[in-house]
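2 protein chains.
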Amino acid sequence: MAIPEGTAPDALATAALADDLSFLLARANALSLAAGNSALAPLGLRVRSYSVLALAADDGARPTQRELAEFLRLDPSQVVALVDDLQRRGLVERRPDPSDRRANVVVVTDEGRALHQQAVAAAAAAEHDLHAGLDAHDRAQLAALLRRIAFPD
Amino acid sequence: MAIPEGTAPDALATAALADDLSFLLARANALSLAAGNSALAPLGLRVRSYSVLALAADDGARPTQRELAEFLRLDPSQVVALVDDLQRRGLVERRPDPSDRRANVVVVTDEGRALHQQAVAAAAAAEHDLHAGLDAHDRAQLAALLRRIAFPD
DNA sequence: TATTGTTATACTCTATAACTATA
DNA sequence: TATAGTTATAGAGTATAACAATA
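Listed in order, the protein sequences are those of chains B and H. Under the working numbering, think of the first position of the first sequence as 47, with each following residue one higher. Under the working numbering, think of the first position of the second sequence as 47, with each following residue one higher.
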């Protein structure tokens, strides 16, 4: 059976856990991940593979697999599988890094760029539903606060 | 190999994905989950089992397994395994719901309540590190924004 | 008929170690 | 000696279907 959608019971809404930042983060992320995966499924992508494709398609990023792993908080061995899949489908290519021949730079193909554009639209539509209760100012504020947790420098 | 800690490469920090709310949510949650699990490990708990224990220990909540599943966004079959584990260790008990004999209410034992108190302290310490960059006002604001995504009513 | 808890199963994701080629 | 990518594997988490007891 699928994880039930819908709202939580009122008795639990007032529980101490419901005010816990980590719990709210986990629950919000679970909803976001589910919405993202189902929006990307028609394109043969999941949130994971979409993220790799998006970084490969970002001009000027030219990420190595190691950088992808660190940025996406994945193990390098998981990046291997994700890049394998995208490469098999002709969406990205591995190019040796001229400055370090151990490293592969992951670059998008023309086909990958086209799919990425569709995926951005699909992901944006899914986010729109998820953040329906937030206006542009709220979203910017939320992004700024989350960034300080996600990238503590 | 473990997922590498530390900061992300600068070239990717300016990528479009780095401004995506869903991505920031995912990365912040990954850090939060890792910190929580490692803080709770000495008590034999993980974030999952801690959440179930916390709701069972919340006075007035008296959640059924179904309510736990919905609130924590878990499949009911996963709740079975989590409650089995906590019950085996004498931390919670299943009690038949008087108003619906199909349902089990999950209630904390004295031993469970004692462990829960330790766990709250451990989790709070882990959160403190994670949210070191945020003051009380920031945290309250973040919680309010996340709640609107986590519980869209 | 529908729902709660349960069992079973398959699949995905996560974590760890070891190997190779380069640095 | 250390690092990038790769392979292999075990464990944790997720998704789905079916069943007994109860509503």
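Where is the CB? At the ideal position from N, CA and C, for every residue including glycine.
message: Which same chain residues end up closer than 8 Å to B:L120 when comparing Cβ atoms and leaving out the 5 residues on each side of it in sequence?
response: Closer than 8 Å at the Cβ level, and outside the excluded window around B:L120, lie R94, L114, L128.
- request: Kindly indicate which three-state DSSP category H:A149 falls into: helix, strand or coil?
  value: Strand.
- prompt: So, helix, strand or coil for B:S131, using DSSP?
  reply: Looking at the sequence itself, residue 131 of chain B is Asp, so the reference to Ser does not match. The answer is helix: DSSP assigns B:D131 an H, G or I state.
- prompt: What first and last residue would you give for the beta strand (DSSP E) that runs through B:R119?
  reply: In the DSSP assignment, B:R119 falls outside any beta strand (DSSP E) and carries neither an H nor an E.
task: Find the nearest neighbour of H:Y96 within the set H:G179, H:L161, H:L191, judged by alpha-carbon distance.
output: Measuring from the Cα of H:Y96, the nearest candidate turns out to be H:L161.
- request: Report all residues from its chain with a CB closer than 7 Å to the CB of H:L86; omit the five preceding and five following residues, and keep chain order.
  value: Contacts found: R92, V93, Y96, A165, A168, A169.
query: According to the Cβ coordinates, are H:S123 and B:E173 closer than 7 Å?
result: Their beta carbons are not under 7 Å apart, which means H:S123 does not touch B:E173 by this criterion.
Contact with chain H by B:S193, beta-carbon distance below 7 Å: In the sequence as presented, Ser is not what sits at residue 193 of chain B; that position holds Arg. Yes, contact with chain H.
query: Given B:V151, which residues of its chain have a CB within under 8 Å of its CB, disregarding the five upstream and five downstream residues?
result: Only R108, P109, T110, R140, R141, P142, D143 meet the Cβ criterion.
- request: Can you tell me which of H:D65, H:I195, H:G179 puts its alpha carbon nearest to the alpha carbon of B:L180?
  value: Nearest option by C-alpha distance: H:I195.
query: Which one of H:A61, H:D66, H:A62, H:A59 has the shortest CA to CA distance from B:R185?
result: For the residues H:A61, H:D66, H:A62, H:A59, the minimum Cα distance to B:R185 belongs to H:D66.
query: What did DSSP end up calling B:R108 once you bin it into helix, strand or coil?
result: B:R108 falls in the coil class under three-state DSSP.
- request: Please find out if some non-hydrogen atom of the ligand NAD comes closer than 6 Å to the beta-carbon of B:S95.
  value: Summarising the ligand content, the structure contains no ligands, and the ligand NAD is consequently not present.
query: Between H:L58 and the rest of its own chain, which residues show a CB-CB distance below 8 Å, the 5 nearest in sequence each way excluded?
result: These residues qualify, in order along the chain: A64.
- request: State yes or no: is the beta carbon of H:G82 nearer than 7 Å to at least one beta carbon in chain B?
  value: Taking 7 Å as the threshold, the shortest C-beta distance from H:G82 to chain B falls below it.
- request: Measure from the C-beta of H:G158 to each C-beta in chain B and report whether the shortest distance is under 7 Å.
  value: The beta carbon of H:G158 sits no closer than 7 Å to any beta carbon of chain B.
- request: Give me the Cα-Cα distance between B:L137 and H:V154, rounded to the nearest whole angstrom.
  value: If you take the alpha carbons of B:L137 and H:V154, they lie about 52 Å apart.
task: Just tell me which of B:R159, B:G158, B:D199 has its CA closest to the CA of H:A178.
output: The residue among B:R159, B:G158, B:D199 with its C-alpha nearest the C-alpha of H:A178 is B:D199.
Extent of the continuous beta strand (DSSP E) to which H:R140 belongs: Residues 138–143.
query: What separation, rounded to the nearest whole angstrom, lies between the Cα atoms of H:G82 and H:G106?
result: Cα to Cα, the separation comes out at about 25 Å.
- prompt: Quick one: Cα of B:S84 to Cα of H:A102, how far?
  reply: Between B:S84 and H:A102, the C-alpha separation is close to 32 Å.
Residue-level contact to chain B via CB, H:R119, 7 Å cutoff: Closer than 7 Å: yes.
query: Between B:L118, B:A100, B:L191, B:H183, which lies nearest to H:A182 when the distance is taken from Cα to Cα?
result: Of B:L118, B:A100, B:L191, B:H183, the residue nearest in Cα terms is B:L191.
- prompt: In or out: B:L176 buried (at least 16 other Cβ within 10 Å) or exposed?
  reply: By the 16-neighbour rule on beta-carbons within 10 angstroms, B:L176 is buried.
message: Counting only Cβ pairs nearer than 9 Å, list the residues of chain H close to B:R148.
response: Here the premise fails: no neighbours, minimum Cβ distance about 16 Å.
- prompt: How would you label B:E157, buried or exposed, when you count the other beta carbons within 10 angstroms and need 16 or more for buried?
  reply: By the Cβ-count criterion, B:E157 is exposed, with fewer than 16 other Cβ atoms from all chains shown falling within 10 Å of its own Cβ.
- request: Output, in sequence order along the chain, the residues in the stretch 126–146 of chain H whose CB is closer than 9 Å to any CB in chain B.
  value: Taking 9 Å as the Cβ-Cβ cut-off against chain B, none of the residues of the stretch 126–146 of chain H qualify.
query: With 7 Å set as the bound, which would you pick, yes or no: does the beta-carbon of B:G90 sit closer than that to a beta-carbon of chain H?
result: For B:G90, no CB of chain H lies under 7 Å from its own CB, so it is not counted at the interface with that chain.
- request: Excluding the 5 residues preceding and the 5 following H:L77 in the sequence, name in chain order all residues of the same chain whose CB lies nearer than 7 Å to its CB.
  value: The residues L176, in chain order, have a CB closer than 7 Å to that of H:L77 in the same chain once the five nearest residues on each side in sequence are set aside.
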